[in-house]
Amino acid sequence: MLWLAVLAMMVIGCGGKKKSDDIIAPKAEQPKLQAPIRMQDYAQTTNIKWLDKNYQVEIRRVPDDSLRMVKDETGQKFVDNRISLRILRADGSVFFSRSFTKAAFDAYLDNDYRQTGILEGLVFDKVEGANLFFAASVCHPQTDEYIPMIVSVSSLGDIGIRRDSEMDTNGGDNALSTNTNDEDEV
């Protein structure tokens, strides 16, 4: 009889609850997409001495709705930028004027940056001999990921673009030169 009582208790104790294979996890929420995100306007004016003459370098970045927008992995849209570079003589006359878009740097970008990158910036770097040097970058918006480039302008108004050699892992010199003495858009 004792044996029957123990067996009855075991049946009652084990048979009362069913185990479930269901895993309950909170549903991951999709981020709410905002209106297309625009970088702030940026302007830099630098007075320089170049080839024993005074010049003023003006750089201005503006988001440009006429350019193709890019999307990140969540589908968030970003407005690409247009950057204008003007180099003025001491008398105020224009020595060099050009507008840059991401297309100017296309030869130095991989497909990922062509599709999802934006032109982030252009800043004056230094004077070296008959050339002015600028640092430029195409980035993935709202990240620290970017491709750095060097833009040079010669005393004849020729422009050169290449990847920053310190960030270039293949060690190649990817230079591009074109003559642009008048206002251009790239």
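According to our numbering, the stretch in the sequence shown is residues 884 to 1069, in order. Beta carbons are placed, not taken as given, at the ideal position from N, Cα and C, and that holds for glycine.
With distances taken between CA atoms, asparagine 964 lies nearest to Ile920 out of Arg972, Ser976 and Ile920. Look at glutamine 939 here: in three-state DSSP terms it is strand. One alpha carbon belongs to serine 982, the other to tryptophan 933, and they sit about 22 Å apart. With respect to valine 945, aspartate 924 sits close: the two C-beta atoms are nearer than 8 Å. For glutamine 917, there is no enclosing alpha helix (DSSP H), as DSSP marks it with neither H nor E. Note on geometry: alpha-carbon atoms of glutamine 917 and glutamate 1049 lie some 36 Å from one another. By the beta-carbon neighbour count (other beta carbons within 10 angstroms, threshold 16), glutamate 1028 is exposed. Here threonine 999 carries a helix assignment [DSSP, helix/strand/coil].
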